[in-house]
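Student: In our numbering, the protein residues as written are 1334 to 1425. Don't be surprised by glycine CBs; every beta carbon is placed ideally from N, CA and C. Predicted model, so just to flag it, every value in this text is computed and none were measured.
1) With a threshold of 16 other CB atoms inside 10 Å of the CB of residue 1409, please say whether the residue is buried or exposed.
2) Kindly confirm or deny that the region 1383-1391 and the region 1362-1371 touch, where touching means at least three C-beta pairs closer than 8 Å.
3) Could you spell out where the alpha helix (DSSP H) holding residue 1404 opens and where it closes?
4) Out of 1358, 1354, 1369, point me to the one whose CA is closest to residue 1337's CA.
5) How would you label residue 1350, buried or exposed, when you count the other beta carbons within 10 angstroms and need 16 or more for buried?
6) Between which two residues does the alpha helix (DSSP H) holding residue 1366 run?
7) Under 8 Å, do residue 1356 and residue 1366 count as touching if we go by C-beta distance?
Next up, the structure:
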């Protein structure tokens, strides 16, 4: 969220500029300490995400579940082209 990012930056600024403790900087900025310390643990599925975006642009009426089935079927068949995906879409 954008508000959380702003608060995180405010806490970092207060700590570096004024030398405040994390606890005090969080209280001033109105940020939760857990939120400031949190680091996302996102899996590196950038290739899959990119492929799902491509499929979503090609087939706008498909939902995310159907797009995932298409992407998985294309990966299993070893082809990245949309030609083989069209035949699997009718089965799904």
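Tutor: Considering the structure as presented:
1) If you number the chain shown from 1, residue 1409 lands on position 76. Residue 1409 is exposed by the Cβ-count criterion.
2) no
3) Position 71 of the chain shown holds residue 1404. Element bounds for residue 1404: 1397-1410.
4) For the purposes of this step, residue 1337 is identified with residue 4 of the chain shown, where counting begins at 1. Looking at the Cα atoms, 1369 is the closest of the given residues.
5) In the chain shown, residue 1350 corresponds to position 17, counting from 1. Label assigned to residue 1350: exposed.
6) Position 33 of the chain shown, counted from the start, is the residue given in the question as residue 1366. Segment 1366-1370, the alpha helix (DSSP H) holding residue 1366.
7) Counted from its first residue, the chain shown places residue 1356 at position 23. Counted from its first residue, the chain shown places residue 1366 at position 33. Cβ distance < 8 Å, so residue 1356 and residue 1366 count as in contact.
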